[in-house]
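Right, one structure below, let's go through it.
Protein chains: 2
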Amino acid sequence: MSHAFPIRAAKLPRFSIFLPLALAFMTTTLPHLSADEGMWLFNNPPRKLLKENYHFDPSDEWLSHLQHSAVRFNDGGSGSFISADGLVLTNHHVGSSALQKLSSADHNYLNTGFHARSRAEEIRAVDSELNVLQNIEDVTARVDAAVTPGMSPADAHKARQAAINTIQKESHDATGLRSDVVTLYHGAVYHLYRYKRYTDVRLVFAPEQSIAFFGGDPDNFEYPRYDLDFCLFRVYENGQPAKIKDYLHWSTAGISDNELIFVAGHPGHTDRMDTVAHLEFIRDDQLPQSLDRLFRKEVLLQAFSQRSRENARRAEHELFGVQNSRKARGGQLAGLQDPAIMDRKKSDEKALREAAASDPKLKDDLEAWDAVAHSLHVSKEFETELDMLEHGWAFDSRFFNIARTLVRLPVEDAKPNADRLPEFGESSRPSLEQQLFSTAPIYDDFETLKLSDSLSMLIEKMGADNELVVKILAGKSPRDRAAELIQGTKLRLVDDRKRLAKGGVKAIEASTDPMIQLALLVDPASRAVRKRDEAEVQEPMRQAYAKIAAVRFALYGTNTYPDATFTLRLAFGQVKGYTEAGKMIPAWTTIDGAFERSAEHHDQEPFRLPASWLDHKDRLDLATPMNVVSTADIIGGNSGSPVINRKGELVGLIFDGNLQSLVLDFIYTNTQARAVSVDARATLESLRKVYDAGPIADEIERGAAATE
Amino acid sequence: MSHAFPIRAAKLPRFSIFLPLALAFMTTTLPHLSADEGMWLFNNPPRKLLKENYHFDPSDEWLSHLQHSAVRFNDGGSGSFISADGLVLTNHHVGSSALQKLSSADHNYLNTGFHARSRAEEIRAVDSELNVLQNIEDVTARVDAAVTPGMSPADAHKARQAAINTIQKESHDATGLRSDVVTLYHGAVYHLYRYKRYTDVRLVFAPEQSIAFFGGDPDNFEYPRYDLDFCLFRVYENGQPAKIKDYLHWSTAGISDNELIFVAGHPGHTDRMDTVAHLEFIRDDQLPQSLDRLFRKEVLLQAFSQRSRENARRAEHELFGVQNSRKARGGQLAGLQDPAIMDRKKSDEKALREAAASDPKLKDDLEAWDAVAHSLHVSKEFETELDMLEHGWAFDSRFFNIARTLVRLPVEDAKPNADRLPEFGESSRPSLEQQLFSTAPIYDDFETLKLSDSLSMLIEKMGADNELVVKILAGKSPRDRAAELIQGTKLRLVDDRKRLAKGGVKAIEASTDPMIQLALLVDPASRAVRKRDEAEVQEPMRQAYAKIAAVRFALYGTNTYPDATFTLRLAFGQVKGYTEAGKMIPAWTTIDGAFERSAEHHDQEPFRLPASWLDHKDRLDLATPMNVVSTADIIGGNSGSPVINRKGELVGLIFDGNLQSLVLDFIYTNTQARAVSVDARATLESLRKVYDAGPIADEIERGAAATE
């Protein structure tokens, strides 16, 4: 259940400009790559490793089919097509955002599950966007050409962003496809990814959360597990199920121990190439701050949830996200506080630097390590303001996000596309409007709670006497101010949002909506600190990391993979148990284990099985494999990724990593770290025997729907 | 349920030395005292206010009887004698520490409640200590004489502490009574309090936590409420129930609306005399840090508790304490972030300073305000180290507390009594040993969890490369180091503790116990930062606040009360509802309300009534008053305080304040702030009709036990 929230509040993306000239001097050794390591680009797959270790050489068709079968959920997860009629398989916890938005006090699909027994019963998600990668184009030269030697960091940042905006717009205009320039190797390489977008996404089937997330937070990131963490959507085009050419066939055989498997998904973020100084910054600064905020929010949401069932329903999805992040970040911090891991990172860095120092062509690049450290040091001067204002920590309300977008929209639209903030570029516009005009329910009491607490945090972090803070609070306590803002805003009405979006700067300036006025008040300071961050931190870091990447390419070659970027990657590994505290943990669990574990916990939440499972226990083949672990290299964002065998058949569904896998953010290891999947066989077994969903199971097995 | 944890981690006690010479210039006006304000000293009761507002003039006997009937629970709560045979009434949440320590996996008295049906079934609490105030002596002159003009702050601190230690020891030697010098008015006045100690404290009766803490954390600090938050102990002497002269008679009539009531209890801490700069420090520094730590710990304990029922039992008492503190501190912070409150504090301070400025005898004392601000500023330099090491935040394990006490014991014993750390003075020794040799259960898994997390916090706060931190971690991750320490220590055996305590410095230095070695490692730095705090913060603050108190006495007179100090105080007020959001909240709730509220919440935790209540609902008089609010001035530590009428009869039992009362830490208000009590009638009604505890109810009504 860990991988739905890969995109963390953008704290320190890091990229650079210079093309690795040293690419010419490639060596053939990759001294630090473990057997099953890597989140590989589809245009640079791990052919060598696969051939050497598994005698497997995927064809171009094999790769292309898998690429086009893989789906990205734009709010942070992965999935795959599994029928020619647009059926999409993903995790329940990836779909839960859509489930939450479709639910109300009267029908809570997270609790009850959902089952469309006919096409007509499939209901449209309010604001889901699915992306399918069509092709990749290397645009490094064009992006790099925008930046000329001697440019100030601020100018360099602006010039590169302009080039990227232009490339994206041109591609979007030419193809109609969503077009994103992706920064790889922290700035050494730029690829243009073109996606087909699906926005008519309908819910087909979801089991109850009590079995999808069986064991809840206590069992999250643990193994053995017994979670049926899947759900099914169907994409539509022109009101009809989309016709899909590339979809995954269901394996009838299943997988066996030590079998080679592949994972195609969208890992969100890793820090494997970070310098030691950077990792120390993450350990000492970034993670503790992030965790403090998560602890605070978890307590806030828990206390709210406890007050009534309806409160619990309203906060459910967000609470899960917070708990999931808290556990993930906690595991990352534990990794960085473990000398065994830091010592390995230190000795890797030492070896790399020593090799560079002895190469006349590389030794000048050693200054890049200092440049990273310096940038991070500089960032401390304004990181609080950046988090509070531009990252919005101080204004934890969907209304504020809407207001800020509305306030910025006419200002950005008045600029040439190249000069806009990237999220306002023309190629991003359809996705931006999808969110801005979403009809997802917003609950005033819940918004007031969150806004009140975050305004209180603003006072703590920036000071009660800070001039801007005084203006934001307007002479009121956080609680009173939040209540006034939420009660006064009309942004809950999508029509009002559309009216304001259409009305341009004039409408915004004339607006008496208190949330719009707040966003206007905050915007100058917020933009200023963002600009400062770009010029003084992001740009110098990007340049420095590009140099470091070049050193790495020069010494170790390019037969490698970049840090994760929430874009499509290929991972691989073996189905394999592991040893923990002297005990062998088998690769599989079976369905009967869920019943046993529930009994162990006196059938109490979060170990209470749903009535459907208790009622149909007799019909189930209790020996059916339920969850399974493998050595594949995954991280948050991979949730919902298909697991396939050599034949390209679907055998499982990634939904979590174990606790030991949390360090994969920084370093790959397969001693104990494991990716956790739902075994495909449990999915079919439960569809047929628990949920009486024969037609859906048939469609999955056949790869196409029956004619209705 | 709010008031069991009054003694917060000693962050910034503040006191001073100079006797208020200005006492001679008393005025008669008390411009800032509200009608029912005050936590009054028993040797300076609010006679004037009571006479003027309520035409009531308590006799010396009335006061003395109440004083001797009041009981302090030394681990943080209040209570009272209610029978000649040693029966003590307090809150369930005050007794819950004892209940937790008496429970095990097999019998969980917090869940099931407890009922001794005979003297023989009364079970002894493992380490409870009850104190009954015998008399008060003013020792201001003697304490102040120890400090001479021109002394350095460090010397002044030492000299005064020596005088206090000596006064306490002399009194203890002469009377055999526990003797504590109490610093009042932040250092303007010193009183010697002598207590009779009871350490054979036996559990007689406790209802189930599900009714005692009905509504749980969501309803904590809320009103209306429906909590039966009481339990009963009996003190023994020489194996027999103690014979008690002063105990409270039970009122048969009950109380009515607007009736005058009194509260005799032990409020723990208030900040009403703090300067505005000090309040800002609490708002910007102390409370946010304290809350961050509480959020973190709440999440840690919740996650642990969710893993199994037994885990939940082990963490239950501590989790309640953390949640209770979190809600209280959150309310305090909200108060200080409310301009309405801060503006009042600012204008009060302005008026006081202006009055002082226009008085030639006082105007030099204005520098005291700056001295307070300066001391707080200085404290920031080492507050982290002070919290981590000396306050033990980095070593969150009972084993460490035991180890530290054992390590310090022989060192302190080698000094003359006057020079010892106060907690090692001879008058404190019996209480110290009571704790040190307590047989309260300690759970290794729970200790490892807490220690691991706090060691992780140590790295975050003091840095992974800090020399002492490196030594503390000994090359291991926090998790591994904590496991090693807990697995290796033998301090779980009380005999081992006794052996080490007897063995002196030699035994400690020779010990191979890893926890002892850790405490030895930390001790020099820990003592050093404590000393620095005493010399650079505590002492200058004490001196400054004594001056400010003197100014206040000079201008407003001494017919007032000092900030709370976890010593016996008299409060008073009226039974009175209040208006919230335009709605009248009546003073009372009745028993049927509990059933209604449970139904509203679908009988789900924490609104699930115990089976005993469901089974006996028919027998109950549902109109019996259950909880009741009054305007009495109380705060944490008052939990378990008796509420009495003019006749000195017991009519209720304080157990909480409403949310609006949380600002009473800083300022008194009776607009909405209310003290919440169990109505005495609900106690008797439930004893007789739910719990079949007729003999106990008889003893309460009769004021004496039947002969067994």
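For the record, the sequence lines run as chains A and B. The first sequence begins at 148 in my numbering and counts up by one. The second sequence begins at 148 in my numbering and counts up by one. We treat Cβ as the ideally placed atom computed from N, Cα and C, and that holds for glycine.
Is A/A728 buried or exposed, if buried means 16 or more other CB atoms sit within 10 Å of its CB? Burial state of A/A728 is exposed, judged by a 10 Å Cβ sphere holding fewer than 16 other Cβ atoms.
Mind pulling the chain B residues with CB within less than 8 Å of A/P435? Here the neighbours are E607.
Looking at the C-beta of B/R454, does it have a partner C-beta in chain A at a distance below 7 Å? Using beta-carbon distances, B/R454 counts as an interface residue toward chain A, with a partner under 7 Å.
Just the C-alpha distance for B/A503 and B/S243, rounded to the nearest angstrom, thanks. Here the alpha carbons of B/S243 and B/A503 stand approximately 48 Å from one another.
Below 6 Å CB to CB, which residues in the same chain sit around A/K198 once its five sequence neighbours on both sides are set aside? Close CB contacts of A/K198 within its chain, under the 6 Å cut and outside five residues either way in sequence, are with D204 (chain order).
Give me the Cβ distance between A/F547 and A/L665, rounded to the nearest whole Å; I'm assuming they're in contact under 8 Å. Approximately 7 Å separates the beta-carbon atoms of A/F547 and A/L665; this is inside 8 Å, confirming the contact.
B/S673 versus A/P709: straight-line alpha-carbon distance, rounded: Approximately 46 Å between the Cα atoms of the pair.
Would you call B/L466 buried or exposed, if buried means 16 or more other Cβ atoms sit within 10 Å of its Cβ? The residue in question, B/L466, is buried, as its Cβ has 16 or more Cβ neighbours within 10 Å.
Does A/S624 get closer than 7 Å to chain B when you measure Cβ to Cβ? Interface residue, yes.
Applying a beta-carbon distance threshold of less than 9 Å, which residues of chain B neighbour A/G363? By Cβ distance, chain B contributes Q453.
Report back the beta-carbon spacing between A/G784 and A/F719 to the nearest angstrom; my notes put them in contact at under 8 Å. 17 Å between Cβ atoms; not a contact.
What residues in its chain sit with their C-beta under 7 Å from that of B/V616, if we drop five residues either side in the sequence? Answer for B/V616: L605, I606, M609 and G610, listed in chain order.
Taking Cβ-Cβ distances shorter than 8 Å, what residues in chain B pair up with A/S115? Since the first residue of chain A shown is 148 and the last is 855, residue 115 of chain A is not available in this structure.
Cβ-Cβ distance between B/D404 and B/A734 below 7 Å: Cβ distance < 7 Å, so B/D404 and B/A734 count as in contact.
Name, going along the chain, the residues of the region 243-259 of chain A whose beta-carbon falls closer than 8 Å to a beta-carbon of chain B. Nothing from the region 243-259 of chain A brings a Cβ to less than 8 Å from some Cβ of chain B.
Ignore the nearest five residues each way along the sequence and tell me which others in A/D824's own chain have a CB closer than 6 Å to its CB. Looking at the sequence shown, residue 824 of chain A is not Asp but Ser. Closer than 6 Å at the Cβ level, and outside the excluded window around A/S824, lie V775, V790, G799, L800 and I801.
Shortest alpha-carbon distance to A/I843 belongs to which of A/N458, A/W397, A/I408 and A/P435? Ranking the options by Cα distance to A/I843, first place goes to A/W397.
Which of the three DSSP states is assigned to B/H886 in this structure? Residue 886 of chain B lies beyond the range of chain B shown here (148 to 855); nothing can be said about it.
If you draw a straight line from the alpha carbon of B/L234 to that of B/P588, how long is it in whole angstroms? Straight-line spacing of the CA atoms in B/L234 and B/P588 works out to 26 Å.
Per DSSP, cross-strand counterpart(s) of A/Y383: Paired residue(s): A/D347 and A/P388.
Could you tell me the distance, in whole angstroms, from the CA atom of A/F442 to the CA atom of A/L426? Using only the alpha carbons, I get a separation of about 22 Å.
Three or more C-beta pairs under 8 Å: does that hold for the region 831-848 of chain A against the region 342-358 of chain A? The region 831-848 of chain A, when compared against the region 342-358 of chain A, does touch it at the 8 Å Cβ threshold.
Quick one: does A/R689 have its CB under 7 Å from some CB of chain B? Cβ-Cβ to chain B under 7 Å: no for A/R689.
Would the region 237-255 of chain A count as touching the region 746-758 of chain A if we require 3 or more Cβ pairs under 8 Å? Below 8 Å, too few C-beta pairs join the region 237-255 of chain A and the region 746-758 of chain A to call them touching: fewer than three.
By the criterion of Cβ-Cβ separation under 7 Å, what are the contact partners of A/A473 in chain B? According to the sequence displayed, residue 473 of chain A carries Arg and not Ala. In chain order: V446.
Sheet register partners of A/M731 (DSSP bridge): A/M731 is bridged by DSSP to A/T726.
Terminal residues of the continuous alpha helix (DSSP H) containing B/E406? In the DSSP assignment, B/E406 falls outside any alpha helix (DSSP H) and carries neither an H nor an E.
Whole alpha helix (DSSP H) elements within the region 184-221 of chain B, 4-residue minimum: Qualifying alpha helix (DSSP H) stretches, in chain order: 194-201 and 207-216.
Taking its Cβ as the centre, do 16 or more other Cβ atoms sit within 10 Å of A/A852, making it buried, or is it exposed? Burial call: buried.
Three-state class that DSSP yields for B/P557 in the structure shown: Looking at B/P557 - three-state DSSP - the assignment turns out to be helix.
Does any residue of chain A have a CB that is nearer than 7 Å to the CB of B/P371? Put simply, the CB of B/P371 is far from chain A, with every gap to its CB atoms at 7 Å or more.
Alpha carbon of B/W516 to alpha carbon of B/L797, nearest angstrom: B/W516 and B/L797: Cα-Cα distance of roughly 43 Å.
Between A/H333 and chain B, is there a C-beta pair that is closer than 7 Å? Taking 7 Å as the threshold, the shortest C-beta distance from A/H333 to chain B does not fall below it.
Residue of A/K390, A/T295, A/A691 and A/L339 minimising C-alpha distance to A/I311: Minimum Cα distance to A/I311 is reached at A/L339.
Beta strand (DSSP E) segment containing B/Q721, residue limits: R716 to Q721 is the extent of the beta strand (DSSP E) around B/Q721.
Cα-Cα, which of B/S250, B/A267 and B/R266 is closest to B/T259? Closest in C-alpha terms to B/T259, from the list B/S250, B/A267 and B/R266, comes B/S250.
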